[in-house]
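To keep things clear, I will list the structure first and then write my remarks on it.
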Ligand code: FES
Ligand code: FES
C-alpha cells in the first residue's frame, strides 16, 4: 500500500452504525458541534454527515456533495472513494448530498460547485474516507477470522484471507466494522494501485439522460404545486412603481398576482396560464439611474477610466522605463463584451415553504447559499431548510447565484403552497449576471534585436467579487478581474499589470473560466502581435518565453506537434495557437480556420493538449475540453450582450446565436501524462480557444483581432 | 376537450386550445422528458414526433395536434434500448443532458427518413438543436454508430 496519511484535523472521520446494521463513514465537524450547535434530540433537526454507507446487502452508497451540471462530478467523486475502499463498482449507488456542513467544499468553505474545484477539493478527504472504510472492514474480517489483519487483503467489495482462502463481502462485515474505532492513520493507494481512478469509467447519469428520466429542476412535480413567473424591471436597478393585476387575474388558471422584491409574481396552475397572465399584466416601473445606459456609453466610460492609473496587480522590473528606452513600442486596445451564460435549462426553483420547515428542489451550484437564502426569508432554523439538488441543465457559474431561489421562496411563502418558479429564456438572458465587459490597454517595448523588453496591461472593468465576496477585493484588486493577466507566464524582464475597477451597473458574475475567459484572449492575441511585429513564429516565440514554465511548454509543444505546426496548413487554411494555465491545469489549443471570399469565418479543426495533473476519468477530461472549447467558440464567434436604454437588447437564441452543429469543428484532445495532483477540468479548456481562433484570423488577414466577437472584414 | 395519443396511449385533455403541446406533455400528462429551452422554436429541446415528423412542441398549439399520434423520448423505448439511445450510451454523449431528448428525437426522425445520412445530412438535420455543453462531436459519432447498429439489425 501507498502513502500513510494521518486523518486530517479539519475533516474528522466518524464511523457509526447505519440503520439496518450497515456501516456509515461520515465527516464530523467538531468546530460546529461544540460551538453554535447544541446537541439536539429533535429528529427533524438531524444533521446529515454521511459520505459512505455500506449496507448489509453489499450495496455501497456514496455521497456526492457537488452539483452535476454536465462535468461528470457525479461519477468522478464516487470513483475516488470506491477506488480507495476497493468497492465493487457494480454495487455502488450514488446519492446527492443535502445541504450540510459535512459537505462543504474545503477549498471554498461552503457547499458550492465552482472554480473547477470539485476533484481538487475532495481528492484527499474522500479518498481518506474510502481508505478508512476499507481499514475497518479489513479489521472486522481479521477479528472475525481471528487472524492478523496484515494477512488480509481487500478486493472488489470483499476482504480475503489468502492463506486460508476465506472471503467475506463488505455487507457481511459492515455491522462489526461499525463498532470499530476510527483508524488514526490510513493508507492511500499509490497511483499504480488505482483500479478506477485514471480509467474511463462510464458516467453514471447517462442512462437517465438518454431516456428522459433524469430530473432537472424544471421537471420537479409536487402535489398541489403551482407555477410562478415573475415580471422584472427591464432596466437594471429599476423599481416597481405600480401594477394592475386585473387583466392577468382574468386569465383562466391564474391564481394570484402580487409584488415581490424583484418584481411582480404571477402564480397559476401551470406555465402557460402564468405566461399568458404575465403578458397581460400592466406594470409601471421607476427605471432609475441606469435608464439611459448603453453599450456606447459604457465604452466611453471605460475609455475615460483607463486614464486612471489603477491598482497594481503585478509589477516586475520597471515596465514604464523599459518601454521608454526600447527601440520600438507596440500598443493596442482590446475589448470584450458582456456575455450571458445561456444555460440550456433556464433558471428555475421549486420551493415548499411551510410554517415548520421548507423544502427546496433546485438546480443549484450553491447549496449553502440556497439554504442561507431560505433561512433569511423564512426565519426558519438552518436544519429545517432542506435543499434537494436536482440535475442542472448547465451551470457555467450562473447557478451559483441565489436570485431565483429567493424568488421561489418568497412566492411559496406568500401563497402557502409549493411553487415552481420558472424563468423564460427571455428572463434568463435579460436578468443574468454577465461575464464582465472589459477594456484593455496593452503596450510592449521591443529591444533593438527584437527581444521583448516590457509588457504593460491595463485592465478596466467591473468586479464580480465586489458584489459576492467584497472582502476579497484587496487594494483595489479583484483577483478574478486580473487572473489570466497578472499571472502572465512569459519571461519578460519588465511587467506591469494594473486594474481600474469601474462598474457601469450591469450585474456581473462568474462565467466559465471567469477572468481568464477575457484576459487570455487579450494577452495571447497581443503576444501574436508582438510575434508579427518582430518577425517571429508565434509558437516559437512562446516556446522561447516559457522556458521556466515546463507545464505550459509541454502542452504547447504537444498541441503544436499534433496540429502539424511548422508544416503548411491545408490550402486556404490558417492556424493560430494559444496557451493558458487556469484552475490548476494547463491547456494549449491550435485552431485551423478559413475565411471565404465573402468573409465567412469557419473553424475547421481544434487541437487541444491538456495537463490537468493526475486524471480521474480520461473520457470526462476529453468531454470537458470539447465542451469548454465549444462554449468559448460561441463567445469568440458570435456572442455579445449589448445594452440600450438600460436594457439588454438580446432576448433569446435568435439574437444571441450560440454555436450549432453546422459550425462545429473537429476537436481532438490530447492528455499529457502527469503525476501532479489533479487540476480542474470544467473551465481550463475555455480560455485558449478565443485567442487561438483570433490568432488564426490574424494569420489569415494580417489584421489583429482586438475585439470579441470576431468580425471579419 | 381534445384527444391526443401520446406514446400510444390516448389522452383527453381540457386546456386552453392555444396551450403549446410542450406544456400539455410536461404538466397535464406528466411526461417531463421533453424540455423547455426557448419557447420560440430556436433550440429544439422540445422536439417530439407528431405522426412521425419531428416538431417543436413549444410553438405547437394543442388544438393543432388534436387526434394525432405523438411520440416523446419516453415512448422511444422503456429501457433505453432504441438503437439511437444505445449509440448515445456507447459514445457517452450527454453532459448536463438537458438538450439530449431533443437531440435524440431529431436523430431518430432523421434516420427514419434517411437511414444512411451523409455527414452533411447529419449536420443539416441536427443544427436546429442547441447543446450548450458542446456535445456535437459525440452526437455525430453516435449517429454514425446508430446507422451501423440499425443496418446490422435490419
Ligand atoms: S423550447 Fe422549443 S425550440 Fe426551444
Ligand atoms: S448536454 Fe448540456 S445542453 Fe446538451
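Residue numbers (the numbering used here), protein chains in the order written: chain D, 1 to 713; chain P, 1001 to 1154.
The C-beta atom is built at its ideal place from N, Cα and C for all residues, glycine as well.
Nonlocal neighbours in the same chain, by C-beta distance under 6 angstroms from residue 133(D), ignoring five residues either side:
The answer, listed in chain order, is 25, 52 and 85.
Sub-8 angstroms separation of residue 293(D) and residue 443(D) beta-carbons
no
Looking at the secondary structure, which residues open and close the alpha helix (DSSP H) in which residue 1143(P) lies?
1136-1153
Find out if the Cβ-Cβ distance for the pair residue 558(D), residue 670(D) is shorter than 8 angstroms.
yes
If you reduce the DSSP assignment to three classes, tell me which class residue 615(D) lands in.
Looking at residue 615(D) - three-state DSSP - the assignment turns out to be coil, as it is neither helix nor strand.
Can you find a CB in chain D that lies within less than 8 angstroms of the CB of residue 1153(P)?
no
4 or more residues per run - each alpha helix (DSSP H) lying fully within the segment 1049-1078 of chain P
If one requires a minimum length of 4 residues, the alpha helix (DSSP H) runs lying completely within the segment 1049-1078 of chain P are 1073-1076, in chain order.
What's the gap between the Cα of residue 378(D) and the Cα of residue 368(D)?
15 angstroms
Say the cut is 7 angstroms; is the CB of residue 1041(P) nearer than that to a heavy atom of ligand 1?
yes
Measure from the alpha carbon of residue 206(D) to the alpha carbon of each residue in 1086(P), 1075(P) and 1067(P), then state which is nearest.
1086(P)
Taking 8 angstroms as the threshold, find out whether the segment 95-108 of chain D comes into contact with the segment 375-389 of chain D through three or more Cβ pairs.
Verdict: yes, contact present.
Between which residues of its own chain and residue 503(D) is the CB-CB distance below 6 angstroms, once the five residues before and five after are set aside?
If the five residues before and after residue 503(D) are omitted, its C-beta is found closer than 6 angstroms to the C-beta atoms of 462, all from its own chain and listed in chain order.
Chain D residues whose Cβ lies nearer than 8 angstroms to that of residue 1014(P)
Correct list: empty, because the minimum Cβ distance to chain D is about 11 angstroms.
In terms of residue numbering, what span does the alpha helix (DSSP H) encompassing residue 423(D) cover?
Taken as a continuous stretch (DSSP letters only), residue 423(D) belongs to no alpha helix (DSSP H), as it is neither H nor E.
Own chain partners of residue 713(D) with C-beta closer than 6 angstroms, once the 5 adjacent residues on each side are dropped
599
Opening and closing residue of the alpha helix (DSSP H) in which residue 137(D) lies:
118-145
By DSSP, does residue 69(D) sit in helix, in strand, or in coil?
coil
Could you please give the first and the last residue of the uninterrupted beta strand (DSSP E) stretch that includes residue 388(D)?
Here the beta strand (DSSP E) through residue 388(D) covers 385-389.
Within 8 angstroms, do at least three Cβ pairs link the segment 255-266 of chain D to the segment 406-425 of chain D?
yes
In the structure shown, what three-state DSSP assignment does residue 350(D) receive?
strand
In angstroms with no decimal places, state the Cα-to-Cα distance between residue 327(D) and residue 397(D).
44 angstroms
Closer than 7 angstroms, Cβ to Cβ, to anything on chain P: give me those residues from the segment 257-290 of chain D, in chain order.
270, 271 and 272
If you measure beta-carbon to beta-carbon, which residues of the segment 1085-1119 of chain P are closer than 7 angstroms to chain D?
1085, 1088, 1089, 1092, 1094, 1095, 1096, 1097, 1098, 1099, 1100, 1101 and 1104
Leaving out the 5 sequence neighbours to the left and right, which residues in its chain are closer than 7 angstroms to residue 220(D) when beta-carbon positions are compared?
350, 361, 390 and 420
Can you list, in chain order, the residues of the segment 642-657 of chain D whose Cβ is nearer than 7 angstroms to any Cβ on chain P?
652, 653 and 654
Under 8 angstroms between C-beta atoms of residue 243(D) and residue 282(D)
yes
Contact set between the segment 1126-1148 of chain P and chain D, restricted to residues whose Cβ is under 8 angstroms from the partner:
1126, 1127, 1128, 1129, 1130, 1131, 1132, 1133, 1134, 1135, 1136, 1137, 1138, 1139 and 1140
Shorter than 7 angstroms, the distance from the beta carbon of residue 1135(P) to the closest heavy atom of ligand 2, or not?
yes
Return the CA-CA distance between residue 1004(P) and residue 1075(P), expressed in angstroms with no decimal places.
If I take the Cα positions, the gap works out to 14 angstroms.
Could you check if residue 242(D) belongs to the surroundings of ligand 2, using beta carbon to heavy atom distance under 7 angstroms?
no
Using a Cβ-Cβ cut-off of 8 angstroms, state whether residue 94(D) counts as contacting chain P.
Taking Cβ atoms only, chain P never reaches closer than 8 angstroms to residue 94(D), which makes this a no.
Does at least one heavy atom of ligand 1 sit under 7 angstroms from the Cβ of residue 1036(P)?
yes
Any beta-carbon of chain P closer than 8 angstroms to the one on residue 210(D)?
yes
How far does the alpha helix (DSSP H) with residue 172(D) in it reach, from first residue to last?
170-177
Whole angstroms is fine: what's the gap from residue 366(D)'s alpha carbon to residue 517(D)'s?
22 angstroms
Going by DSSP in three states, residue 691(D) sits in which element: helix, strand or coil?
helix
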